Amino acid sequence: MYTQGLDQKDSKRDDADSPERLAAFQARVDTEEKIEAKDWMPEAYRRTLIRQISQHAHSEIIGMQPEGNWLTRAPTLKRKAILLAKVQDEAGHGLYLYGAAETLGVSRDQMVGDLLSGKAKYSSIFNYPTLSWADIGAIGWLVDGAAIMNQIPLCRCSYGPYSRAMIRVCKEESFHQRQGFDILVSLCRGSDAQKAMAQDALDRWWWPSLMMFGPSDAESKHSAQSMAWKIKRFSNDELRQKFIDVTVPQAEFLGLRIPDDDLAYDAATGHYRHGEIDWDEFAAVLAGNGPCNRERMAKRRKAHEDGAWVREAAQAYARKNAARAA
Amino acid sequence: MNNTEWPLYEVFIRSKAGLSHRHAGSLHAADDRMALDAARDTYTRRTEGVSIWVVRSSSIVASDPAENAAFFEPAEDKVYRHPTFYEIPDGVENL
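Quick mapping for you: the protein sequence lines, in order, are chains A and B.
Position 192 of the first sequence, counted from 1, bears residue number 1549 in this note's numbering, the numbering being contiguous throughout.
Position 89 of the second sequence, counted from 1, bears residue number 147 in this note's numbering, the numbering being contiguous throughout.
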């Protein structure tokens, strides 16, 4: 998800960043020193982080929608309480991340505005629909599983506030993945119809989950700088491979079939080889033409507009009390 | 677009009695009470705290990293402030 923002090109020029300052900055990063909010940093480093962290935050916020879709239809009260806690966590993750991005000098209003106007992106994965309860299991297992692969290296990111936010997120994300797997275990131990539901969810979520890691290394031309700055630690393909290697045995445990005819274990390398990813689909979803792009944005905008009077009322109340106290 | 952004608060949490409050992150709130409630919901969903402080970010006075050398340097040449500076003669104990 979550590092798709690092694959975009930064084309601005920064004449103010002298070579001496850039070299001193790189030396700090190379010795694994953390960069903090008020420290000098190259403008491109700042912009890259703002783009990456805000996209990450937007992904958490939009990510509440596909799961929220099943809150009122969870099969038991226990499942409902758990899902509610998970969706609340996503909101929390969004807030940690907006907070981290704001330390770089961008305002919350600016970021929210960019999301609502469509200027800012969020992870491609949330533009797919949740058609059955099994999808909630698949999201936790696969989507959050892929997110964890991406996010654990981000805990060591060179930018202190982002790194600290990610440590907090990762602690909570592990619950998300296990609750998803737990849903699928129940379904796979259930009736044939329930197992078929689980298989159907895996069929639809497998490939979009692999796309979450972003374009293949051959196509990911702009991530070298993020690697040098230690924002990004592993390449897209490395993380994708790691994810496949840990997930295939879990699918086997569930007795589900991964929808990839070319998937095969390569004893020589110890890795699973996988089939070709449909990058045209990925490009279409990023361009706004996934199954749910419009729905997600429309819902986000409506929620923002519907909440306007609450924000205004809270502010009016705060002003009135401040005036009384004065 | 709502361009009257709520003020920014910094959140500090004491994870258990006996430990100091520690910076957890920040949030926006219309007033102090809302900041405290939002801090609870945002930063202590898993009993991470027994006490929360919130303070307007604008009220924090911070040292400037660009001035670090001048600001912290005076402490660096006073090694005699550390016990390891002193040599203890052989045979002396409990010092």
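Built from N, CA and C at the ideal position, the CB exists for glycine as well.
This structure is a prediction, so every number in the text was calculated from the model and none was measured.
Buried or exposed by the 16-neighbour rule on C-beta atoms within 10 Å, applied to M1358(A):
By one-based count along the first sequence, residue 1358(A) stands at place 1. For M1358(A), the predicted structure reports a pLDDT of 46, less than 50, and the residue's modelled location is therefore unreliable. A value from the coordinates is still provided. Buried, by the Cβ-count rule.
Could you tell me the alpha carbon to alpha carbon distance between S1573(A) and L1567(A), rounded to whole angstroms?
The count along the first sequence starts at 1 and reaches residue 1573(A) at position 216. The count along the first sequence starts at 1 and reaches residue 1567(A) at position 210. Roughly 10 Å between the two C-alpha positions.
Against chain A, with Cβ distances strictly below 7 Å, would S116(B) count as a contact?
Here residue 116(B) corresponds to residue number 58 of the second sequence, with the count starting at 1. For S116(B), the answer is no, since every Cβ of chain A falls outside 7 Å of its Cβ.
To the nearest angstrom, how far is it from the Cα of E151(B) to the Cα of E145(B)?
For the purposes of this step, residue 151(B) is taken as the residue at position 93 of the second sequence. For the purposes of this step, residue 145(B) is taken as the residue at position 87 of the second sequence. So the two alpha carbons sit approximately 12 Å from each other.
Taking just the CA atoms, how far does D1501(A) sit from L76(B)?
Position 18 of the second sequence, counting from 1, holds the residue named residue 76(B). Position 144 of the first sequence, counting from 1, holds the residue named residue 1501(A). It is Gly, not Leu, that sits at residue 76(B) in the sequence shown. Approximately 36 Å between the Cα atoms of the pair.
How do the stretch 1581-1592 of chain A and the stretch 1503-1517 of chain A stand: do at least 3 beta-carbon pairs fall below 8 Å, yes or no?
Short answer: they touch.
Please tell me whether W64(B) and H81(B) are closer than 7 Å, where the distance is taken between their beta carbons.
As a first step, residue 64(B) is located in the second sequence; it is residue number 6 there, counting from the start. As a first step, residue 81(B) is located in the second sequence; it is residue number 23 there, counting from the start. Not a contact, by the Cβ cut-off of 7 Å.
Under 7 Å, do F1591(A) and A1503(A) count as touching if we go by C-beta distance?
Taking the first residue of the first sequence as position 1, residue 1591(A) is located at position 234. Taking the first residue of the first sequence as position 1, residue 1503(A) is located at position 146. For F1591(A) and A1503(A), no; Cβs fall outside 7 Å.
Proximal residues of chain B, C-beta to C-beta of Y1674(A) below 8 Å:
In the first sequence, counting from the first residue as 1, residue 1674(A) sits at position 317. Correct list: A88 and D89.
Find the residues of chain B that neighbour Q1445(A), judging by a C-beta separation of less than 9 Å, and give them in chain order.
On the first sequence, residue 1445(A) is found 88 positions in, with the first residue counted as 1. Neighbours of Q1445(A) on chain B, chain order: D99 and R103.
Own chain, CB closer than 7 Å to Y1455(A), minus 5 neighbours either side, in chain order
Along the first sequence, one-based indexing puts residue 1455(A) at 98. Excluding positions up to five away in sequence, the list reads A1414, R1465 and M1468.
CB-CB length for L1461(A) against W1498(A), believed under 8 Å:
Within the first sequence, numbered from 1, the residue matching residue 1461(A) stands at position 104. Within the first sequence, numbered from 1, the residue matching residue 1498(A) stands at position 141. Not confirmed; about 33 Å, so no contact.
Express the C-alpha separation of P1432(A) and N60(B) in angstroms, rounding to a whole number.
Within the second sequence, numbered from 1, the residue matching residue 60(B) stands at position 2. Within the first sequence, numbered from 1, the residue matching residue 1432(A) stands at position 75. Its pLDDT being 46, under 50, N60(B) is placed unreliably by the model, and the measurement read from it follows with that caveat. Approximately 38 Å between the Cα atoms of the pair.
What are the start and end residues of each continuous alpha helix (DSSP H) run of 4 or more residues lying completely inside the stretch 1576-1651 of chain A, in chain order?
1581-1585, 1593-1611 and 1636-1641
Neighbourhood of W111(B) by C-beta, 7 Å cutoff - its chain only, sequence neighbours within 5 removed:
The residue given as residue 111(B) occupies position 53 in the second sequence. Result list for W111(B): F70 and H79, in chain order.
Buried or exposed (CB count within 10 angstroms, at least 16 for buried), H140(B):
In the second sequence, counting from the first residue as 1, residue 140(B) sits at position 82. Flag for H140(B) reads exposed.
Using a Cβ-Cβ cut-off of 7 Å, state whether A1621(A) counts as contacting chain B.
Numbered from 1 along the first sequence, position 264 holds the residue referred to as residue 1621(A). False, the Cβ-Cβ gap to chain B never drops below 7 Å.
Residue closest to A1581(A), alpha-carbon to alpha-carbon, out of R1676(A), F1382(A), I1410(A) and T1405(A):
As a first step, residue 1581(A) must be located in the first sequence, where it is residue number 224. The candidate whose alpha carbon is nearest that of A1581(A) is T1405(A).
Chain B partners of G1456(A), CB-CB under 8 Å?
As a working note, residue 1456(A) is residue 99 in the first sequence. Contact annotation for G1456(A) against chain B: G83, S84 and L85 [CB-CB distance below 8 Å, chain order].
When you compare each of K1476(A), C1527(A), D1594(A) and Q1534(A) to I1493(A) by their alpha carbons, which one comes out closest?
Looking up residue 1493(A) in the first sequence gives position 136. Ranking K1476(A), C1527(A), D1594(A) and Q1534(A) by Cα distance to I1493(A) puts Q1534(A) first.
With a CB to CB cut of under 7 Å and the five nearest residues on each side skipped, what residues in its chain are close to W1427(A)?
As a position in the first sequence, residue 1427(A) is number 70, starting the count at 1. If we look at W1427(A) and ignore the five residues flanking it on each side, its Cβ neighbours are L1440, T1487, W1490 and I1493.
In terms of alpha-carbon separation, which member of R1521(A), S1375(A), D1446(A) and M1506(A) lies closest to I1410(A)?
One-based indexing of the first sequence puts residue 1410(A) at position 53. Closest option to I1410(A), Cα to Cα, is R1521(A).
What does DSSP give as the partner residue(s) for E68(B) in the beta ladder?
Position 10 of the second sequence, counted from the start, is the residue given in the question as residue 68(B). Listed as beta-bridge partners of E68(B) by DSSP are S84(B) and V113(B).
So is M1358(A) in contact with chain B if we call contact Cβ pairs under 7 Å?
The residue labelled residue 1358(A) in the question sits at position 1 within the first sequence. Unreliable positioning characterises M1358(A) in this predicted model, as indicated by a pLDDT of 46, which lies under 50. A coordinate reading is not provided.
Which residues of the stretch 1460-1474 of chain A have a Cβ closer than 7 Å to any Cβ of chain B? Give them in chain order.
S1464, R1465, D1466 and G1470
Would you say E68(B) lies against chain A (beta-carbon separation less than 7 Å)?
Your numbering for residue 68(B) matches position 10 in the second sequence. Any Cβ of chain A closer than 7 Å to the Cβ of E68(B) would place that residue at the interface, and such an atom is absent.
Given a limit of 8 Å on CB to CB distance, which residues of the stretch 1384-1397 of chain A reach chain B?
Under the 8 Å Cβ criterion, the stretch 1384-1397 of chain A contributes E1393, K1395, D1396 and W1397.
What did DSSP end up calling E1529(A) once you bin it into helix, strand or coil?
One-based indexing of the first sequence puts residue 1529(A) at position 172. If DSSP states are grouped into helix, strand and coil, E1529(A) belongs with the helices.
Check whether the stretch 87-97 of chain B and the stretch 110-128 of chain B are in contact - that is, three or more C-beta pairs closer than 8 Å.
yes
For A124(B) and P1518(A), I'd like the C-alpha separation in whole angstroms.
Stepping through the second sequence from its first residue, residue 124(B) is reached at position 66. Stepping through the first sequence from its first residue, residue 1518(A) is reached at position 161. Approximately 18 Å between the Cα atoms of the pair.
If we ignore side chains and look at the alpha-carbon of each, how far apart do A1621(A) and I1505(A) end up?
On the first sequence, residue 1621(A) is found 264 positions in, with the first residue counted as 1. On the first sequence, residue 1505(A) is found 148 positions in, with the first residue counted as 1. Distance between the alpha carbons of A1621(A) and I1505(A) is about 24 Å.
Checking the sheet assignment: what are the DSSP bridge partners for I1392(A)?
As a first step, residue 1392(A) must be located in the first sequence, where it is residue number 35. Bridge partners of I1392(A): Y1516(A).
If distances are taken between C-alpha atoms only, which option among F1639(A), I1419(A), Q1598(A) and R1676(A) comes closest to A1477(A)?
Locating residue 1477(A) in the first sequence gives position 120, counting from the first residue. Closest option to A1477(A), Cα to Cα, is I1419(A).
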